[in-house]
Amino acid sequence: MEVKEAILELARTQCGPDRRLPSEEELCRLLGVSRATVREALSILCREGFVSKRHGIGNLVNRSVLDTPMRFDLERGLRRMLEDAGYQASTIREMPVSPGGKDILLDDPTLPVRLTIPRPWKIQRTAHLVEGAQAIVTCNVFTSNGSWSGKGFAQELAYTDVINLLSGGTLSHTVMAFLPWCAGKGIASAFGLAPGTPIILWHELNYGIQDTLLCESVVAFNPDFVTLRALHRW
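What follows is the structure, given as structure tokens:
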């Protein structure tokens, strides 16, 4: 990943009008790595659309893709997505709790998500903030019958680490649905929006290596900060 990011930085700062990256040999010399490592990084950049390989020409930088923020098709965390868009972002991860009180997302009767994970639940909430305002709110829902011992949870954990720790499994893949919603009062208030403002939700089904459901996540995006984008390659 470090080599990939280094090549991206070269693409942003040193690529000329012809859009060509340095040759593989030159990249090896500049970055001090093997050709196999450079080729692996270039292959990833091609899959992600940042670079197009043209036989007889070389690797061409797609500047239009470099400047596309908030791509949800990349394997990056939500905070990183905000930061790539130029925001100064921070994250608050709450300790997992058993349901109690009124949840601003899960208990809203108009929420267009029906969770299937067995009860009783354990809920872990995460908020990604921009200048103190909530830009993204996530509710990760686990069954309370999981194997978590109550230890090891920390603010700096990545999303995959949270899933693995609290479920006792190993995250393999996620199935996502995108749902429109006229924001309920709770999440609208958290986002500083008028109730009924249209927002986008993610409903994620997170599966382990045995293809068993480890966790369901509901993610709400504040439209004042987030416009989701994706790249389609032809």
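Counting from 1, one number per residue, gives the positions in the sequence shown under UniProt numbering.
Note that the Cβ used here is the ideal one computed from N, Cα and C, for glycine as well.
Since this is a predicted model, take the numbers as computed values, not measurements.
- How many Å lie between Pro120 and Thr227 at the Cα? 34 Å
- Message: Could you give the first and the last residue of the continuous alpha helix (DSSP H) run that contains Lys185?
- Response: 185-191
- So, is Val51 buried or exposed, given that buried needs 16 or more other C-beta atoms within 10 angstroms? buried
- Query: From what residue to what residue does the alpha helix (DSSP H) around Arg63 run?
  - Reply: For Arg63, the enclosing alpha helix (DSSP H) stretches over residues 63-66.
- So the beta strand (DSSP E) Ala127 belongs to, where does it begin and stop? 121-130
- Separation of Ala85 from Leu193, as counted between CA atoms: 21 Å
- Message: Restricting to Cα atoms, I'd like to know which of Glu204, Ile44, Lys53 is closest to Pro22.
- Response: Lys53
- Item | Between the CA atoms of Thr116 and Tyr207 - distance to the nearest angstrom | 13 Å
- Query: Are the CB atoms of Arg71 and Ala188 nearer to each other than 9 Å?
  - Reply: no
- Item | the stretch 29-48 contacting the stretch 80-95, beta-carbon criterion three pairs below 8 Å | no
- Between the CA atoms of Asn164 and Ile136 - distance to the nearest angstrom: 21 Å
- Message: Does the contact criterion of 3 or more C-beta pairs under 8 Å hold for the stretch 106-114 versus the stretch 200-218?
- Response: yes
- Task: Use the C-beta contact count for residue 269: other C-beta atoms within 10 angstroms, 16 or more gives buried, fewer gives exposed.
- Result: Beyond the ends of the chain as shown, which are 1 and 234, falls residue 269; an answer cannot be given.
- Spell out the partners DSSP gives Cys182 in its beta bridges. Pro198
- Cβ atoms of Phe153 and Leu171: under 9 Å apart, would you say? No, the Cβ-Cβ distance between Leu171 and Phe153 is not below 9 Å.
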